[in-house]
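Colleague: Please read through the structure below; I'll follow up with questions.
Protein chains: 2
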Amino acid sequence: MTNPDSRPLTLRDVSEASGVSEMTVSRVLRNRGDVSAATREKVLEAAKSLGYVPNKIAGALASQRVNLVAVIIPSLRNMVFPEVMSGISAVLEETDLQPVVGVTDYLPEKEERVLYEMLSWRPSGVIIAGLEHSDASRAMLKASGIPVVEIMDTDGTPVDCAVGISHRRAGRKMARAILKQGYQRIGFMGTKMPLDHRARKRFEGFTEALAKEGVEVVDQEFYSGGSALAKGREMTQAMLDRDPELDFLYYSNDMIAAGGLLHLLDAGVDVPGQVGLAGFNGVELLQGLPRQLATMDACRDEIGRTAAKIIADRTQDPNAEFERVVELAPKLSFGDTLKRR
Amino acid sequence: MTNPDSRPLTLRDVSEASGVSEMTVSRVLRNRGDVSAATREKVLEAAKSLGYVPNKIAGALASQRVNLVAVIIPSLRNMVFPEVMSGISAVLEETDLQPVVGVTDYLPEKEERVLYEMLSWRPSGVIIAGLEHSDASRAMLKASGIPVVEIMDTDGTPVDCAVGISHRRAGRKMARAILKQGYQRIGFMGTKMPLDHRARKRFEGFTEALAKEGVEVVDQEFYSGGSALAKGREMTQAMLDRDPELDFLYYSNDMIAAGGLLHLLDAGVDVPGQVGLAGFNGVELLQGLPRQLATMDACRDEIGRTAAKIIADRTQDPNAEFERVVELAPKLSFGDTLKRR
DNA sequence: CTGAAAGCGCTAACAA
DNA sequence: TTGTTAGCGCTTTCAG
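Residue numbers (the numbering used here), protein chains in the order written: chain Y, 2 to 342; chain F, 2 to 342.
Shown next, in the form of structure tokens:
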């Protein structure tokens, strides 16, 4: 704030400094329409030497166009979302659209506030995590008249369109893989997050597929707060203390699974011979653990890219075709912790 | 996009629906000025039933006020920045200001673009990581006429004001602690990031303090890309192969330090007896490792809070007093990997 | 190729 | 307590 009182520069300032009409200055600055090289030169020089920064607020109001895409996610702490963001940014950087992030902390009311706030800037599109929203949020999305892509999840009905994976199917797939390896006494650990619908759906799919084979989860535990690695350790120890016969542990995310793995190795348990282990997400962060964790890739980057692509296409051409639901297939990697024989 | 062609609602629509003037509708919706309970009621009902979402673009243009704070950081992947964001959000949530994030990927040119883009929305303040910016960026910040807080680092001269820690001092402090424990043959591993000025300054402070005691870093290695944990493992193994006499390893961040730790334990090395270890950042993520890493807390949350506080105060009162440089003191934790005797 | 006029949707300032 | 008027800084549109 070296320049606290001087009025911000306007087009008019550039116009006066260059002796060119505001309109033509505006054209030059936006590379719109034909402007003679000489005039363009004059304008550019004046703008640069003054240090003019255009006022997008006025521009957006006049043109009724805002090159912003609202991206609404539950958290930045969970590495999943920064990775989705990367995919989105990578695609939007090829266009003139810009992502703007809003964080909901997994709270529907906060989601509603954030959404309202973002929509009031009249963005060109919305990318929002999950298919579960308050009625008011759904109403706002519907009324907005802009492309809306719900991401991460495809188990449900999108307001407009969706890109993600089926977490229910992912849970089932993992359950089948575990049973196939001959594991039988299975424990589950996850976050205590009634509002993390995707974790819930995975768990539901998981138990459902087990049930189909007559197997039930022997024990389960949910945590909240604290360091995931440490919690994974603690819960794993506690669960094995309660039931030393457990032969498989399924975790709702890779971090707590890693904690569990470290505990088991410390305790001298044979992994995966005596006890198998699997997490979820395929976070790159964790490559380099003593054992490579069995996990399932959530297609984060591709989800981001696909969602951004849909927004970009539909922004460019409102009649562009698009799929209502894009279901990606998560890849199961067995790592070193899911193979009995 | 269920509602693709219908014109977005305006104040006028609410005005007509409620039979109240636009101005009064505006007052109600902003809780400004005195409005009779009856009128307020009518307006609120009309607005809600129509599903009206105000147009902040028009509002901002008319009022010359934008309740946005631009937050410009190098990356969302490095957990440091989401944590700073939390601090910022926590404070701004008490005000009517909203953070908007821009990511630079550690590239000065991208920083310049992002800054330009954000300033063109005329935010109420800027929080930007680091003290090193291109001339153009510094010029824009100076000319903006709004409060600018440069965060994370205090080794240098801020454009307006700064909140952070001295990374040089942090490096020195760690060096002294290591020497004091009697370690002598010290190796260093870090990211290959010429543009990560803070890591560079830590390293400079580190070598400087060692030099003062006549000690030199015996070996050093820099990496880029890949999983930090895995890289930490590999580099550590390679370095110890090159020089088995090393007795201390200093890493530029906790993730690679954790990889190093896992390798050493696998290799049966006595930590910290035979080889000591230290990282940087104090990421909570890593609590739960077999040994608690020695590290230094970068005061991320407090940096975010303090920076946001400064912006909030100065936005409310342009003449508010504030410190030009707030240097926080990083706390050194010895954990289990930095104590010889 | 360049310019003039008329708003975009809202709010500051004033009047009633 | 409520309403009226005049812009905010730009872009659209239409005329030169």
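In this text, a Cβ means the ideal position worked out from N, Cα and C, and glycines have one as well. Here the structure is a predicted model, which means the values were calculated and not measured.
Using the beta-carbon count (16 or more within 10 Å), is D161(Y) buried or exposed?
Modeller: Flag for D161(Y) reads buried.
Colleague: Would you tell me roughly how many angstroms separate the C-alpha atoms of G60(Y) and I128(Y), rounded to the nearest one?
Modeller: So the alpha carbons of these two residues sit roughly 24 Å apart.
Colleague: Figure out for me which residue from I152(F), A229(F), S145(F), V81(F) has the closest Cα to the Cα of V327(F).
Modeller: With distances taken between Cα atoms, V327(F) lies closest to I152(F).
Colleague: Listing by chain order, which chain F residues have their CB less than 8 Å from the CB of G269(Y)?
Modeller: Chain F residues near G269(Y): none, gap ~13 Å exceeds 8 Å.
Colleague: Which residues, in chain order, does the segment 202-236 of chain Y contribute to contact with chain F at a C-beta distance below 9 Å?
Modeller: So the close ones are G227, S228, A229, L230, A231, K232, G233, R234, E235.
Colleague: Could you tell me whether any Cβ in chain F is nearer than 8 Å to the Cβ of V101(Y)?
Modeller: Cβ-Cβ to chain F under 8 Å: yes for V101(Y).
Colleague: Less than 8 Å between CB atoms is the rule here; does S121(Y) satisfy it with respect to chain F?
Modeller: Yes - at least one Cβ of chain F is within 8 Å of the one on S121(Y).
Colleague: Work out the CA separation of G261(Y) and S225(Y) for me, nearest whole Å.
Modeller: Between S225(Y) and G261(Y), the C-alpha separation is close to 16 Å.
Colleague: Could you check what DSSP says for F207(Y) in three-state terms: helix, strand or coil?
Modeller: Note: F207(Y) maps to helix in three-state DSSP.
Colleague: Beta-carbon separation of L286(F) and M80(F) under 8 Å?
Modeller: In contact: L286(F) and M80(F) (Cβ atoms closer than 8 Å).
Colleague: Could you check which residue in E94(F), D136(F), E95(F), T96(F) has the C-alpha nearest to that of R114(F)?
Modeller: The shortest Cα separation from R114(F) among E94(F), D136(F), E95(F), T96(F) belongs to D136(F).
Colleague: Where does L197(F) land, buried or exposed, given buried means 16+ other C-beta within 10 angstroms?
Modeller: Looking at the sequence provided, one finds Asp at residue 197(F) rather than Leu. Per the 10 Å Cβ criterion, buried.
Colleague: Taking 7 Å as the limit between beta carbons, can you name the residues of its chain near K174(Y), skipping five residues before and five after?
Modeller: So the list reads L333, once near-sequence residues are dropped.
Colleague: So K57(Y) contacts chain F; which residues on that side make the cut at Cβ distance below 7 Å?
Modeller: The answer, in chain order, is S121, W122.
Colleague: Let's see if you can read the secondary structure: which residues bound the beta strand (DSSP E) around I187(F)?
Modeller: It spans 187-192 - the beta strand (DSSP E) in which I187(F) sits, taken as one unbroken run.
Colleague: Short of 7 Å in beta carbon distance, which residues of its chain neighbour E246(F), apart from the five on each side in sequence? Order them along the chain.
Modeller: Excluding positions up to five away in sequence, the list reads R186.
Colleague: Measure from the C-beta of R78(Y) to each C-beta in chain F and report whether the shortest distance is under 8 Å.
Modeller: Cβ-Cβ to chain F under 8 Å: yes for R78(Y).
Colleague: May I ask you to report which of helix, strand or coil DSSP gives S121(Y)?
Modeller: Coil.
Colleague: Rounded to the nearest angstrom, how far is the Cβ of E214(F) from that of L250(F), given a contact under 8 Å?
Modeller: E214(F) to L250(F), Cβ: 18 Å. No contact.
Colleague: Can you tell me which of the three DSSP states G215(F) falls into?
Modeller: If DSSP states are grouped into helix, strand and coil, G215(F) belongs with coil.
Colleague: Could you tell me which of L265(F), S27(F), P273(F), A321(F) sits nearest to A231(F), measuring between CA atoms?
Modeller: Selected option, being the one with the closest Cα: L265(F).
Colleague: Just how far apart, CA to CA, sit S50(F) and A63(F)?
Modeller: If you take the alpha carbons of S50(F) and A63(F), they lie about 26 Å apart.
Colleague: Under 8 Å, do L77(F) and A48(F) count as touching if we go by C-beta distance?
Modeller: No, the pair does not count as a contact, with Cβ atoms beyond the cut-off.
Colleague: Measure the alpha-carbon distance for P83(Y) versus S22(F) and round it to whole angstroms.
Modeller: Distance between the alpha carbons of P83(Y) and S22(F): 45 Å.
Colleague: Return the first residue and the last residue of the beta strand (DSSP E) that M153(Y) is part of.
Modeller: Taken as a continuous stretch (DSSP letters only), the beta strand (DSSP E) holding M153(Y) covers 149-154.
Colleague: When the cut-off is 8 Å and only beta carbons count, does Q288(F) lie next to chain Y?
Modeller: Yes - at least one Cβ of chain Y is within 8 Å of the one on Q288(F).
Colleague: Residues of chain F with CB under 7 Å from E118(Y), in chain order?
Modeller: Simply Q99.
Colleague: Between L265(F) and chain Y, is any beta-carbon pair separated by less than 8 Å?
Modeller: Answer no: the Cβ-Cβ gap between L265(F) and chain Y never drops below 8 Å.
Colleague: Establish whether the CB of G52(Y) and some CB of chain F are separated by less than 8 Å.
Modeller: So yes, G52(Y) belongs to the interface.
Colleague: Report all residues from its chain with a CB closer than 6 Å to the CB of G336(Y); omit the five preceding and five following residues, and keep chain order.
Modeller: Here the set comprises Q293, L294, A295.
Colleague: Three-state secondary structure (DSSP) at P100(F)?
Modeller: Looking at P100(F) - three-state DSSP - the assignment turns out to be strand.
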